Amino acid sequence: MIETLATYESGSFDPFWNLAMEQHLLETVNSGCCLLYLWQNQNTVVIGKNQNPWAECRVSLLEAEGGHLARRLSGGGAVFHDLGNLNFTFLVSTEDYDLQKQQRVLLAACRSFGIPAELSGRNDLTADGRKFSGNAFYHNGHRSYHHGTLLVDTDGEKLSRYLTPSKAKLETKGVASVRSRVVNLIELCPELTIDALKKALVAAFEGVYGRKSATRPFTEADKKRVEELKTVYESWVWRFGQKLPFTCRVEGRFPWGGVELQLIVEAGIIRAARVYTDAMDHSLSARVEAALTGCVFHWEALSEKLRTVTHGMDILTLLQQEI
Numbered sequence: 271m272i273e274t275l276a277t278y279e280s281g282s283f284d285p286f287w288n289l290a291m292e293q294h295l296l297e298t299v300n301s302g303c304c305l306l307y308l309w310q311n312q313n314t315v316v317i318g319k320n321q322n323p324w325a326e327c328r329v330s331l332l333e334a335e336g337g338h339l340a341r342r343l344s345g346g347g348a349v350f351h352d353l354g355n356l357n358f359t360f361l362v363s364t365e366d367y368d369l370q371k372q373q374r375v376l377l378a379a380c381r382s383f384g385i386p387a388e389l390s391g392r393n394d395l396t397a398d399g400r401k402f403s404g405n406a407f408y409h410n411g412h413r414s415y416h417h418g419t420l421l422v423d424t425d426g427e428k429l430s431r432y433l434t435p436s437k438a439k440l441e442t443k444g445v446a447s448v449r450s451r452v453v454n455l456i457e458l459c460p461e462l463t464i465d466a467l468k469k470a471l472v473a474a475f476e477g478v479y480g481r482k483s484a485t486r487p488f489t490e491a492d493k494k495r496v497e498e499l500k501t502v503y504e505s506w507v508w509r510f511g512q513k514l515p516f517t518c519r520v521e522g523r524f525p526w527g528g529v530e531l532q533l534i535v536e537a538g539i540i541r542a543a544r545v546y547t548d549a550m551d552h553s554l555s556a557r558v559e560a561a562l563t564g565c566v567f568h569w570e571a572l573s574e575k576l577r578t579v580t581h582g583m584d585i586l587t588l589l590q591q592e593i
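Numbering-wise, the numbering used here comes out as the position in the sequence shown, counting from 1, plus 270.
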């Protein structure tokens, strides 16, 4: 049961610091407390935990123009952040996690400016049929978070240039480009500012939960831990991993998300597997990879391994032609 509310606003625009801070807040949020974290990144593409960075982003162009490629803990798809975008995170004990209540905070804040905000599916907020907020989720067993973007005045030209979603994904959405899928809230409320939205979010947060919030303090111990985590988030290993050379590559899209499967097959045995996906289940890649590694590259063996994994039979259909 939520008994206290807390807020924390980052003063940094560094995506690696902000993602490290998010993880630290998750690790330290008290039971019975809901913490609202507000943060912004400068010129950054953030990909989901299990996505292939080269398939989602024009990495070389982004970095040549001073941008950053970052990877988060949660699942879901790639997003572009600049200072025209405000990020939010709700952090709670898993027993107190209430997605509908958290989304009510977002809707109430936007509607306070006369914006006709609506929930679309499980992870998007829209206005006038266009998306201004994509949400993603992470659960570590004892604690959980729900985070996302709020596009206020994001540079749509950069968003379109840096992000490279698959053609299948765009067809699924029924549109022809990334840019046409989204709307900046300033188009619907010209006087809206990031600072005004921050204040509205805190007010809605307190209104929905029926309590006053307190600012979470930041100590030297906090700083030390965040700096430790930051080295992980900015590392090559975390952001890009080891791109395996592969002898088999298949990809496809299903109602639960897109998936790309890369396999190294030696002497009829799968020696290594890599799964890239924007599925909301952040553990899916690891489970599929574990099931396939060491498996005989044969229909019956693969069927036996994948039928025990969520969405495994969908992935199996992608392999059918190769086999």
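Glycine included, each C-beta is placed from N, C-alpha and C at the ideal position. Just so it is clear, the structure is predicted and the values come from calculations on it, not from any experiment.
Worksheet item: Which residues bound the alpha helix (DSSP H) around Ala-325?
Response: It spans 323-326 - the alpha helix (DSSP H) in which Ala-325 sits, taken as one unbroken run.
Worksheet item: What are the partner residues of Asn-405, as DSSP defines its beta bridges?
Response: Per DSSP, Gly-418.
Item to complete: Report all residues from its chain with a CB closer than 6 Å to the CB of Leu-471; omit the five preceding and five following residues, and keep chain order.
Response: Once the five neighbours on either side are set aside, the close Cβ partners of Leu-471 are Ala-379.
Item to complete: Please classify Arg-413: is it buried, with 16 or more other beta-carbons within 10 angstroms of its beta-carbon, or exposed?
Response: That one is buried.
Worksheet item: Which residues does DSSP pair with Asn-355 in a beta bridge?
Response: Looking at the DSSP assignment, Asn-355 forms a beta bridge with Leu-421.
Item to complete: Could you say which of Arg-541, Val-545, Asp-548 lies nearest to Thr-563 if we only look at CA atoms?
Response: Comparing alpha carbon positions, the residue from Arg-541, Val-545, Asp-548 closest to Thr-563 is Arg-541.
Worksheet item: Who are the Cβ neighbours of Lys-575 in its own chain at under 8 Å, not counting the five residues just before and after it?
Response: Spatial neighbours of Lys-575 in its own chain (CB-CB distance under 8 Å, excluding positions within 5 residues in sequence) are listed in chain order as Ala-561, Leu-562, Cys-565, Gly-582.
Worksheet item: Under 8 Å between the Cβ atoms of Ile-518 and Leu-533?
Response: Looking at the sequence itself, residue 518 is Cys, so the reference to Ile does not match. Taking 8 Å as the Cβ cut-off, Cys-518 and Leu-533 qualify as a contacting pair.
Practice prompt. Name the one or two DSSP bridge partners that Tyr-546 has.
Written response: Answer is Glu-530, bridged to Tyr-546.
Practice prompt. Below 8 Å on the Cβ atoms is my guess for Ala-276 versus Leu-308; work out the distance and round it to an integer in Å.
Written response: Not a contact, Cβ separation roughly 12 Å.
Fill in: For Asp-551, the nearest candidate out of Asn-320, Lys-494, Ser-282 (CA to CA)
Taking Asp-551 as reference, the option from Asn-320, Lys-494, Ser-282 with the minimal CA-CA separation is Asn-320.
Worksheet item: Apart from the five residues on each side of it in sequence, which residues of its chain come closer than 6 Å, Cβ to Cβ, to Asp-584?
Response: Shown here for Asp-584: same chain residues with a beta carbon closer than 6 Å to its own, the five before and five after excluded, namely Phe-524 in chain order.
Worksheet item: Per DSSP, what kind of secondary structure is Leu-343 in: helix, strand or coil?
Response: In the structure shown, Leu-343 falls within a coil segment according to DSSP collapsed to helix, strand and coil.
Discussion item. Give me, in chain order, the residues of the same chain whose beta-carbon lies closer than 6 Å to that of Ser-382; leave out the 5 immediate sequence neighbours on both sides.
Written reply: Around Ser-382: Ala-470.
Worksheet item: So, is Glu-292 buried or exposed, given that buried needs 16 or more other C-beta atoms within 10 angstroms?
Response: The residue is buried, with at least 16 neighbouring Cβ atoms inside 10 Å.
Item to complete: May I ask you to list the residues that DSSP assigns as paired with Trp-569?
Response: Note: Trp-569 is not bridge-paired with any residue in the DSSP secondary-structure output.
Discussion item. On a Cα-Cα basis, can you pick out the residue from Thr-578, Glu-536, Cys-303, Phe-358 that is closest to Leu-554?
Written reply: Comparing alpha-carbon positions, the option among Thr-578, Glu-536, Cys-303, Phe-358 lying closest to Leu-554 turns out to be Thr-578.
Discussion item. Please tell me whether Lys-468 and Leu-356 are closer than 8 Å, where the distance is taken between their beta carbons.
Written reply: Yes, they are a contact pair.
Worksheet item: Per DSSP, what kind of secondary structure is Leu-598 in: helix, strand or coil?
Response: No answer is possible for residue 598: the residues shown for the chain start at 271 and end at 593.
Worksheet item: Can you pull the DSSP bridge partners for Leu-433?
Response: In the DSSP output, where bridge partners are listed per residue, Leu-433 has Cys-327.
Worksheet item: Can the beta-carbon of Leu-589 be found closer than 8 Å to that of Tyr-415?
Response: Not in contact: Leu-589 and Tyr-415 (Cβ atoms no closer than 8 Å).
Discussion item. Just to confirm my understanding: we take Ile-464, look at its own chain, exclude 5 residues before and 5 after, and list those with CB closer than 6 Å. What are they?
Written reply: These residues qualify, in order along the chain: Leu-356, Val-422.
Worksheet entry | 8 Å Cβ cutoff met for Tyr-432 and Phe-286 | No; because the gap between Cβ atoms is not below 8 Å, this pair is not in contact.
Worksheet item: Over what stretch of residues does the beta strand (DSSP E) that includes Thr-277 continue unbroken?
Response: 274-279 is the span of the beta strand (DSSP E), which, as asked, contains Thr-277.
Worksheet item: Straight-line CA distance for Ile-385 to Lys-401?
Response: Taking the straight line joining both Cα atoms gives about 12 Å.
Worksheet item: What's the call for Asn-300, buried or exposed, on a 16-neighbour Cβ count within 10 Å?
Response: Burial state of Asn-300 is exposed, judged by a 10 Å Cβ sphere holding fewer than 16 other Cβ atoms.
Worksheet item: To the nearest angstrom, how far is it from the Cα of Asp-366 to the Cα of Met-271?
Response: Rounded to whole angstroms, Asp-366 to Met-271 spans 6 Å at the Cα level.
Worksheet item: Can you tell me whether DSSP reads Ala-397 as helix, strand or coil?
Response: Of the three classes helix, strand and coil, the one that applies to Ala-397 here is strand, per DSSP.
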